[in-house]
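Have a look at the structure below before the remarks.
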Amino acid sequence: MDAKEIIQGLMSTDRDNVVRASWKIIHSNDPHVLQVVSDQFPAISEFVKTLSPNSEPALRDYRFAPELAVEKLKCFNQADVCRCSLYPASNSLDPEEEEDLGFIEITKEEDHLEAYTFEYPCICTHCENRYEVVLHESCHYPLWYWEKLPV
Ligand SMILES: [Zn+2]
Numbered sequence: 005m006d007a008k009e010i011i012q013g014l015m016s017t018d019r020d021n022v023v024r025a026s027w028k029i030i031h032s033n034d035p036h037v038l039q040v041v042s043d044q045f046p047a048i049s050e051f052v053k054t055l056s057p058n059s060e061p062a063l064r065d066y067r068f069a070p071e072l073a074v075e076k077l078k079c080f081n082q083a084d085v086c087r088c089s090l091y092p093a094s095n096s097l098d099p100e101e102e103e104d105l106g107f108i109e110i111t112k113e114e115d116h117l118e119a120y121t122f123e124y125p126c127i128c129t130h131c132e133n134r135y136e137v138v139l140h141e142s143c144h145y146p147l148w149y150w151e152k153l154p155v
């Protein structure tokens, strides 16, 4: 997906396309792509506000993805705000995936099987902020709770 396809997908009426394009933005580490998408920020941000919720009661409101993509673009536009500031505001970012993408490094992993939780202490590879992530898997979908640790 190039930047143009991402913009088209995000601003389409097809929810699957909206969600797919949103994740491309959230996971992108390509400043060129992010810049081209960012140039359309006002239009994207307005469009996302008009998205209607799921028509049937679903497990999760799909709009969390485009809303997070908008937050990511805001971070990209502010040189002094690291992408990792998105973590505590969201519970849909998987630390293992974030590590694979090079955004963070997991420093160790603790497994508490009896409570269905995993804990991931990690460090942002860009600004070295530290976070502790707790995974709750007892729901129908995983939720990751990110807490920023004191410096
Ligand atoms: Zn950071």
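So that you can map any letter, position 111 of the sequence shown is 115 in this note's numbering, and since no number is skipped, the others follow by simple counting.
Just so you know, even glycine gets a beta-carbon here, dropped at the ideal spot from N, CA and C.
Item to complete: Just list the beta strand (DSSP E) runs in the region 80-139, keeping only unbroken ones of 3 residues or longer that don't cross its boundaries, in chain order.
Response: Scanning the region 80-139 for uninterrupted beta strand (DSSP E) segments of 3 residues or longer gives 108-110, 114-116 and 121-128, listed from N- to C-terminal end.
Worksheet item: Regarding residue 133 and ligand 1, is the C-beta to nearest heavy atom distance less than 7 Å?
Response: Walking along the sequence shown from the start, residue 133 turns up at place 129. The beta carbon of residue 133 sits closer than 7 Å to at least one heavy atom of ligand 1.
Worksheet item: Is residue 41 near residue 74, with beta carbons less than 8 Å apart?
Response: On the sequence shown, position 37 is the one that residue 41 refers to. On the sequence shown, position 70 is the one that residue 74 refers to. Their beta carbons are not under 8 Å apart, which means residue 41 does not touch residue 74 by this criterion.
Worksheet item: To the nearest angstrom, how far is it from the Cα of residue 37 to the Cα of residue 122?
Response: In the sequence shown, the residue the question calls residue 37 occupies position 33. In the sequence shown, the residue the question calls residue 122 occupies position 118. When rounded, the distance between both Cα atoms is 33 Å.
Worksheet item: For residue 129 versus residue 110, is the C-beta distance shorter than 8 Å?
Response: Translated into the one-based positions of the sequence shown, residue 129 becomes position 125. Translated into the one-based positions of the sequence shown, residue 110 becomes position 106. Taking 8 Å as the Cβ cut-off, residue 129 and residue 110 do not qualify as a contacting pair.
Worksheet item: Touch check for the region 56-72 and the region 20-28: three-plus C-beta pairs under 8 Å?
Response: Yes: the two stretches touch, three or more of their Cβ pairs being nearer than 8 Å.
Fill in: Local Cβ density within 10 Å of residue 13, reported as buried at 16 or more and exposed below that
Reading the sequence shown from its first residue, position 9 is the one you call residue 13. A residue is called buried when at least 16 other Cβ atoms come within 10 angstroms of its Cβ; residue 13 meets this threshold and is buried.
Practice prompt. Kindly list the residues whose CB is nearer than 6 Å to the CB of residue 131, restricted to its own chain and excluding five residues on each side of it in sequence; keep chain order.
Written response: Along the sequence shown, read from residue 1 onward, the residue named residue 131 stands at position 127. Setting aside the 5 residues that flank it on each side, residue 131 is surrounded in the same chain by 86, each with a C-beta closer than 6 Å to its C-beta; the list follows chain order.
Discussion item. According to DSSP, is residue 147 part of a helix, a strand, or is it coil?
Written reply: The count along the sequence shown starts at 1 and reaches residue 147 at position 143. Under the three-state reduction of DSSP, residue 147 is assigned to strand.
Worksheet item: Mind checking whether residue 90 and residue 112 have CB atoms under 8 Å apart?
Response: Position 86 of the sequence shown, counted from the first residue, corresponds to residue 90. Position 108 of the sequence shown, counted from the first residue, corresponds to residue 112. The answer is no: Cβ separation not under 8 Å.
Worksheet entry | residue 10 to residue 71 span [Cα, whole Å] | Walking along the sequence shown from the start, residue 10 turns up at place 6. Walking along the sequence shown from the start, residue 71 turns up at place 67. Taking the straight line from one Cα to the other gives about 15 Å.
Worksheet entry | Whole-number beta carbon distance between residue 147 and residue 95, since they are thought to touch under 8 Å | Taking the sequence shown and counting its residues from 1, one reaches residue 95 at position 91. Taking the sequence shown and counting its residues from 1, one reaches residue 147 at position 143. The Cβ separation is near 4 Å, so the contact holds.
Fill in: residue 19 - containing alpha helix (DSSP H), residue span
For the purposes of this step, residue 19 is identified with residue 15 of the sequence shown, where counting begins at 1. Note, residue 19: alpha helix (DSSP H), 19-31.
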